[in-house]
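As they're listed, the protein sequences go chains S, C, H and G. Counting in the working numbering, the first sequence runs from 4 upward without gaps. Counting in the working numbering, the second sequence runs from 4 upward without gaps. Counting in the working numbering, the third sequence runs from 4 upward without gaps. Counting in the working numbering, the fourth sequence runs from 4 upward without gaps. Shown next, in structure tokens, is the structure this report addresses.
There are 4 protein chains.
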Amino acid sequence: MSNTFGRLLTITTFGESHGPAVGVILDGCPPGLELDAALIQRDLDRRRPGQSAVTTQRSEADKVEVLSGVFEGVTTGAPIAMVVRSEDARPQDYAALKDVFRPGHADYTYWKKYGVRDYRGSGRSSGRETVGRVAAGAVARRMLEREGCRVQAFTAQVGDVIARERQVEIAEQNPVRCPDAKAAAEMERVILEAREAGDSLGGVVEVWATGVPVGLGDPVMDKLDASLAWGLMSIGAVKGFEVGEGFAAARMRGSAMNDAMVAGGGFASNRAGGILGGISTGEPIVVRIAVKPPSSIAVAQKTVDTAGQERDLEVRGRHDPCLCPRVVPVAEAMVCLTLADALMRQRAIEPWKPK
Amino acid sequence: MSNTFGRLLTITTFGESHGPAVGVILDGCPPGLELDAALIQRDLDRRRPGQSAVTTQRSEADKVEVLSGVFEGVTTGAPIAMVVRSEDARPQDYAALKDVFRPGHADYTYWKKYGVRDYRGSGRSSGRETVGRVAAGAVARRMLEREGCRVQAFTAQVGDVIARERQVEIAEQNPVRCPDAKAAAEMERVILEAREAGDSLGGVVEVWATGVPVGLGDPVMDKLDASLAWGLMSIGAVKGFEVGEGFAAARMRGSAMNDAMVAGGGFASNRAGGILGGISTGEPIVVRIAVKPPSSIAVAQKTVDTAGQERDLEVRGRHDPCLCPRVVPVAEAMVCLTLADALMRQRAIEPWKPK
Amino acid sequence: MSNTFGRLLTITTFGESHGPAVGVILDGCPPGLELDAALIQRDLDRRRPGQSAVTTQRSEADKVEVLSGVFEGVTTGAPIAMVVRSEDARPQDYAALKDVFRPGHADYTYWKKYGVRDYRGSGRSSGRETVGRVAAGAVARRMLEREGCRVQAFTAQVGDVIARERQVEIAEQNPVRCPDAKAAAEMERVILEAREAGDSLGGVVEVWATGVPVGLGDPVMDKLDASLAWGLMSIGAVKGFEVGEGFAAARMRGSAMNDAMVAGGGFASNRAGGILGGISTGEPIVVRIAVKPPSSIAVAQKTVDTAGQERDLEVRGRHDPCLCPRVVPVAEAMVCLTLADALMRQRAIEPWKPK
Amino acid sequence: MSNTFGRLLTITTFGESHGPAVGVILDGCPPGLELDAALIQRDLDRRRPGQSAVTTQRSEADKVEVLSGVFEGVTTGAPIAMVVRSEDARPQDYAALKDVFRPGHADYTYWKKYGVRDYRGSGRSSGRETVGRVAAGAVARRMLEREGCRVQAFTAQVGDVIARERQVEIAEQNPVRCPDAKAAAEMERVILEAREAGDSLGGVVEVWATGVPVGLGDPVMDKLDASLAWGLMSIGAVKGFEVGEGFAAARMRGSAMNDAMVAGGGFASNRAGGILGGISTGEPIVVRIAVKPPSSIAVAQKTVDTAGQERDLEVRGRHDPCLCPRVVPVAEAMVCLTLADALMRQRAIEPWKPK
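Below you can see the structure in the form of structure tokens.
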């Protein structure tokens, strides 16, 4: 089950960086959703490499093929298998890395855990695995749209550059996917600067979900924020998660943190980030994830090889100088999947619920 | 499954704040662990209310009874059910709150989700639910000890007071459970100050796991950090999670973030926090959680009642002014359970693994 | 998870034959069900030992205590923990069996699997474990009743005596729970005869579920009949399962097996047993289980002890001469739980389903 | 999760009868297994249609492609995705059946459950779905072989013809896969006779697992026989399951049913079928499943269409006259997967188990 996420609506992803294909089975999807490959392709295109100078130059069309679960343009309730063939795989590029552990990568831990290592790129630990998440997330997004729920992620920080504005409608118009035009330009500048230095940069991605009905999430272990944390932390390179005030809440008093309620329902503020007691409040859900700087850098690093010998390493190749722009659609996918799953579970108890 | 955590080693907790009992079933526990109630009681005593001026004055002995799964002092492989009876429950204290939603609490969301609300204290969303987690965590801790693995949590921050030192051996010697004696005194002061003002304070709890073998965690969805995030975010009042550099990684370059590897194995630094690619590295696992200030405060707040009418509210009663000291054993429990579960899953594949 | 059954509506049972208590956590139960302990007790009383000469003479009141999940007589959506204390436990009766493996029992396999054995009665493998199933099943039954669905089991065969009639309304009026008055008397006679010979008898229990809506069951792995088989085969002493024509279908031609459909919906016959392709058809669900003769017999048997030495054994004590009458409420419970779970999962997809 | 089977070692299958492809993700497979496509193909070839006159004449090469999880001929611990493209799909053959419900098929129940129906062949409910099971089962078989465990299924009964002998080594040498040469010839005759009459025949498939270590299976809900029942009943057309004496046990006395134990370990007989208390005994595991006669018959049948109108129907096309020969490899696959999963779970507890 280690490659499966979700309870009622589940994804199981497969595939390695430079293997023949990556993909996903989305199981538990309700019947009756209008679905065409173009809709899924739209999200995949946002994730795909080679979109701009701030991302890797690996070139993949990432064309999705739907193998099952859709008939005459409509989901049938059967599992939806989706596959993307690799086109620009260059496993030979990695022959030199066969015996060496790249710092910051999972080379060493995979080797110790499994006793065998797929050294072609990052193998299973590659970001390429997220293709399946994004494809499945596009279907979950469709489920949520029927409820009037909308999920959008964007880059909120790159290095020391912090977005001050939340003009989410402009986020997709710049290569860093930042909702603050001025910060976006500055982010682009520092990313290119790092790249020229053979280095990379970290950042923060923020996700908003609006129109989420009150009542999603299943305490106590499947609290909505716990499920979101699980899903988002399962994305490679993510080192932190917070909801609402997050770590800032550590510095606050209860009188400043509590959101007052207002007559007629709803809240005067949303410091909780749309979740109380693990259940959605009806306010926008706001979560943030910390994305570490990519580990593949051209700067020389100290490391060791499989024989335990010291080695100096400069990782050459086609790498992302900052992951945030490409994490954006992946984070959206995981949030869509988590919410759609919680929504289905809520529907399951409603017929008995007191009115 | 919403009250179950874990894969092979699972806990299912039950019980409400002012119901007759709280407890847990720990399933999947291996046979052959020496286990007596005293061992479990030791951790429960650390969690129990009324330990000092910085915690709630509710008085509960929290005496655990083991109902199954242990025979002649040894676990048998059967599920271990543990129950703690409530003694100082005062449901009548809450009659006045029957129709009102306390800000920052889950009153409103539970009511909307389920159409019915157990208004005695926080019902199911109470911190009292964590009794079962701590009891089960004590058993998981025993499993880990056999591997030489040790888990300890402590308070790293309260409000603006930040612990600079990590003298973990002194953490249990002060009421805030802080590993920095000077900061501890200051933390205690600010908590009591907030309490006198009828207010409360947030903070940060940090957990260290040392002696963890390389290779725990099951990518990609059950990455070790994703599982830790799920488990820790499922604790009430937790608003953020980070591993290693966490959110600080957002500001870093790859050359500063990557941990160099050293001859003979191991790492020159531990900015990853002991996990790479979702698998333990053998370095100490270091995670932190943001704990919000308790929502129950005596300061007057604006809210509404079940009829949607505005109400002014001052929450009186026996409440924690800062949750960190009591979250410490709960966080340890969730980390112990997550690691023991990952350890069992690793054992399951080892007979086939190439040597 | 090995003590958990179900997907959305789950039970986790605990407890050993002669331990302090047995019980269950029912998780995922919808809020809003009116529930009092009396309702649960009614089913427990049907399962309880000492009801007649055809069952064991162990005397247990089996009084259930509800520890959580119910508030003011209504389920809240929180997990429902139910506990039954043992009163007539006599662990000392089993001291003589400490080192010997009783034939037909799980003594040997538990010992080999776990390296430790709770030799008090059958420990975890005792039929007493089913107390928790029956308590939880009573709640599931209530969920189904709201849909007009009714589940009833009865004894269809004991040894060579086969019930020819299905007067289900009289089944509870005779000690063997047989819906054929004439066969019932004969069954009682052969059971007592076997008992006097120090021996025991097998039989068949049949379960009918009527009023089941069309559409329950989730192919392909969670086919409704596969789930029923899983649940019913998990009851101790059950050696076979069949639905509809079952093993008789092996001798049939397709033209004889297929149920014709009739104008306006529905079927002209029900050889399928109410399930096609793993989904309920709307016809009554009819399943049968084979129950082996109890292994505890006074007749002398050859066996070995933990040292591998041959031993002659006569099992004395208070044992059931035939399990069928007591399996009846347990089988009902498992069928109720399976159907209620499938019903919830069906509700979860309905908002999207094409009309 | 409804298309997933297993706990630690899981399969998730996808695909419809006349869709572009069918396949599976096998997750949780240990690293280090030598695996080539030829090994998987061998089992697929045994399942594939068109092998003889007693099976359907649909012609599919069923060539498997391994998309992930294997590197340099060895499993890596990553999920193994396997896909088989459809070649002889003829969806147009089914246009005439678009609005009619074939008796004995799942047409009606799928339509009612999902509100939409993939009428190309049996869509998701087709036996073609089992391709993925067989491919994954071949990998599980390899895991078991390392332990000296061998799984073989065969046809034990067709209509009224019952195999008296168990010469399992000859089973694969006749088209019905029967281990009794004389019965095999008779089975072939009655199948062809039924086919010429435009009709079909049911039967019984028996599975033997030898060399299974003592101790597999996780009571009480994941009893080994309960898991086997779940897995085998999830195969389409299976109407019954039994282990050891099965339904014959209903007629037996305890003194006849109990297997005596013999000095030095082991049992004098194996009426239990290799499982006691849900745990393997070390004796061969023997289970049987009842396979109904195929529902697609040329004989005229009464049915209705989606408008509720009566229709007469003769199902023409390329159908199996008896499913047993093709169920054999599928049953083996489900038993291999169940045993390999139980084996991994047993390995997970062993480091703590008392010696």
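Backbone N, C-alpha and C fix where the C-beta goes; we use that ideal spot for every residue, glycine too. Note that this is a predicted model, so its numbers are computed, not measured.
Supposed contact pair residue j and residue i - C-beta distance, whole angstroms, cut 8 Å
i, j, result
"alanine 266 of chain H", "glutamine 312 of chain G", "7 Å"
"phenylalanine 17 of chain C", "isoleucine 43 of chain H", "Between isoleucine 43 of chain H and phenylalanine 17 of chain C the Cβ distance is about 16 Å, and since that is not below 8 Å, they are no contact."
"leucine 147 of chain S", "alanine 345 of chain S", "Not confirmed; about 10 Å, so no contact."
"glutamate 150 of chain H", "proline 216 of chain H", "6 Å"
"threonine 13 of chain C", "isoleucine 282 of chain S", "Their Cβ separation, rounded to whole angstroms, is 22 Å, which puts threonine 13 of chain C and isoleucine 282 of chain S out of contact at 8 Å."
"glutamine 176 of chain C", "glutamate 335 of chain C", "Not quite, the Cβ-Cβ distance comes to about 16 Å (not below 8 Å), so this is no contact."
"isoleucine 194 of chain C", "valine 57 of chain C", "5 Å"
Opposing strand residues paired with residue i [DSSP bridges]
i, result
"lysine 305 of chain H", "H:Asp315"
"glutamine 160 of chain G", "G:Ile165 and G:Val207"
"aspartate 30 of chain S", "S:Thr13"
"phenylalanine 8 of chain G", "G:Ile14"
"leucine 279 of chain H", "H:Ile282"
"valine 73 of chain H", "H:Thr78"
"methionine 85 of chain C", "C:Val27 and C:Val69"
"cysteine 325 of chain H", "H:Leu204"
Local Cβ density within 10 Å of residue i, reported as buried at 16 or more and exposed below that
i, result
"glutamate 189 of chain H", "buried"
"glycine 285 of chain H", "buried"
"proline 328 of chain C", "buried"
"glycine 268 of chain C", "exposed"
"lysine 226 of chain G", "buried"
"aspartate 361 of chain S", "With chain S represented from 4 up to 358, any question about residue 361 of chain S goes unanswered, as that position is not in the structure."
"glutamate 63 of chain G", "buried"
"alanine 143 of chain H", "buried"
"lysine 116 of chain S", "buried"
"arginine 167 of chain S", "exposed"
"glutamate 75 of chain G", "exposed"
"arginine 127 of chain S", "buried"
"glutamate 172 of chain S", "exposed"
Minimum C-alpha distance to residue i - residue among the options
i, options, result
"glycine 35 of chain S", "S:Val73, S:Ser5, S:Val338 and S:Asp48", "S:Val73"
"glycine 247 of chain S", "S:Pro178, S:Glu196, S:Arg274 and S:Val210", "S:Arg274"
"isoleucine 288 of chain H", "H:Arg153, H:Gly243, H:Val331 and H:Val307", "H:Arg153"
"glycine 118 of chain C", "H:Thr79, H:Leu195 and H:Asp110", "H:Thr79"
"valine 77 of chain H", "C:Arg291, C:Val69, C:Arg120 and C:Glu68", "C:Arg120"
"alanine 169 of chain G", "G:Val210, G:Val137 and G:Ile194", "Per the sequence shown, the amino acid found at residue 169 of chain G is arginine instead of alanine. The candidate whose alpha carbon is nearest that of arginine 169 of chain G is G:Val210."
"glutamine 349 of chain H", "H:Arg167, H:Gly218 and H:Tyr122", "H:Gly218"
"serine 129 of chain C", "C:Val241, C:Lys115 and C:Phe157", "C:Val241"
"methionine 85 of chain H", "H:Gly26, H:Leu38 and H:Ile278", "H:Gly26"
"alanine 310 of chain H", "H:Val164, H:Ala263, H:Met264 and H:Lys101", "H:Lys101"
"alanine 139 of chain S", "S:Asp221, S:Val307 and S:Gly9", "S:Gly9"
"glutamine 160 of chain S", "S:Gly220, S:Cys325, S:Val338 and S:Ser230", "S:Cys325"
Residue i Cβ short of 8 Å to the ligand MG heavy atom set
i, result
"aspartate 225 of chain C", "The model depicted lacks the ligand MG and carries no ligand whatsoever."
Quick check: the region 199 to 209 of chain S against the region 290 to 308 of chain S, are there 3 or more CB pairs under 8 Å? Yes, the region 199 to 209 of chain S touches the region 290 to 308 of chain S.
Would you call the region 48 to 67 of chain S in contact with the region 315 to 328 of chain S, where contact means no fewer than 3 C-beta pairs closer than 8 Å? yes
Cβ contact check for the region 229 to 237 of chain S and the region 179 to 194 of chain C: 3 or more pairs under 8 Å: no
Would the region 255 to 263 of chain S and the region 249 to 262 of chain C be scored as touching if the rule is three or more Cβ pairs under 8 Å? no
Can you confirm whether the region 89 to 100 of chain S touches the region 196 to 203 of chain C when touching is taken to mean that 3 or more C-beta pairs between the two stretches lie within less than 8 Å? Note that the region 196 to 203 of chain C does not touch the region 89 to 100 of chain S; fewer than 3 beta-carbon pairs, one per stretch, sit closer than 8 Å.
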